[in-house]
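In what follows, a structure is listed as structure tokens, so that the remarks can point back to it.
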Amino acid sequence: MTVMEAIEKRKSIRAYLDRPIPPAALEAVLQAGQLAPSARNQQAWKFVVATEPALREQLAEACCGQPFVAQAPAVLVLCADQAAQMRCGQPARTVDCSIALSFMMLEAAEQGLGTCWLGAFEQEGVRRALHIPPEYDIVAVSPLGYPAEEGRPRSRKPLEELVVRERWAD
């Protein structure tokens, strides 16, 4: 599979099979995050992997009661303690964890696994469930598992609407 094929294959999955993830596939997904670039190569992130059913239930509740979170055999939680801002003004932790999860999602697609980037979660609920220290911000949450659905078709704007070449037109 090429990178472009993985990008095209990836969809947000909200239903998962009751099928365990082989350790090698999970390690490949985690390694993809490890290899992601980070601001000044700080790698100030932690990747929490929750596989215990009781923890997944708590995470589903902390994710605004989304039951498919507990249905997946694993839940990835990315957090970082890097409070620094990059020179451009963006928070390093948000950018770094976003890149890492993007890499993980593409490797998950390569492994035949599904993911769903969740923006609907309560920081403190996730923190309590996983005992995440207060100095870490929780940036991203995604279930991980074998899809029980195709995923919704993704419409995309035409490239011409998204790309500005050279200078923004007046």
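In the working numbering, the protein residues as written are 7 to 176. For glycine and all other residues, C-beta sits at the position ideal for the given N, C-alpha and C.
Task: Inter-residue spacing [alpha-carbon to alpha-carbon] between leucine 150 and tryptophan 123 - done: Along the sequence shown, one-based indexing puts residue 150 at 144. Along the sequence shown, one-based indexing puts residue 123 at 117. C-alpha separation (whole angstroms): 10 Å.
Task: Residue nearest to arginine 99 in terms of C-alpha spacing, selected from Ile144, Gln37 and Leu168 - done: In the sequence shown, the residue the question calls residue 99 occupies position 93. For the residues Ile144, Gln37 and Leu168, the minimum Cα distance to arginine 99 belongs to Ile144.
Task: Sub-8 Å separation of arginine 62 and valine 75 beta-carbons - done: Stepping through the sequence shown from its first residue, residue 62 is reached at position 56. Stepping through the sequence shown from its first residue, residue 75 is reached at position 69. Yes, these two residues count as a Cβ contact at 8 Å.
- [ ] Could you give the DSSP three-state label for serine 44: helix, strand or coil?
- [x] Mapped onto the sequence shown, residue 44 falls at position 38. In the structure shown, serine 44 sits in coil (DSSP, three-state: anything other than H, G, I, E or B).
Task: Contained beta strand (DSSP E) runs [length at least 3] in the stretch 49-82, N- to C-terminal order - done: Within the stretch 49-82, the complete beta strand (DSSP E) runs of at least 3 residues are 51-56.
- [ ] Could you work out which residue in Leu32, Ala21 and Met10 is closest to methionine 110 when comparing CA atoms only?
- [x] For the purposes of this step, residue 110 is identified with residue 104 of the sequence shown, where counting begins at 1. Restricting attention to Leu32, Ala21 and Met10, the CA atom closest to the CA of methionine 110 is found in Leu32.
- [ ] Have a look at the DSSP bridge pairing and note the partners of leucine 32.
- [x] Along the sequence shown, one-based indexing puts residue 32 at 26. For leucine 32, DSSP assigns no beta-bridge partner whatsoever.
- [ ] Determine the DSSP secondary structure at glycine 151, reduced to helix, strand or coil.
- [x] The residue given as residue 151 occupies position 145 in the sequence shown. Look at glycine 151 here: in three-state DSSP terms it is strand.
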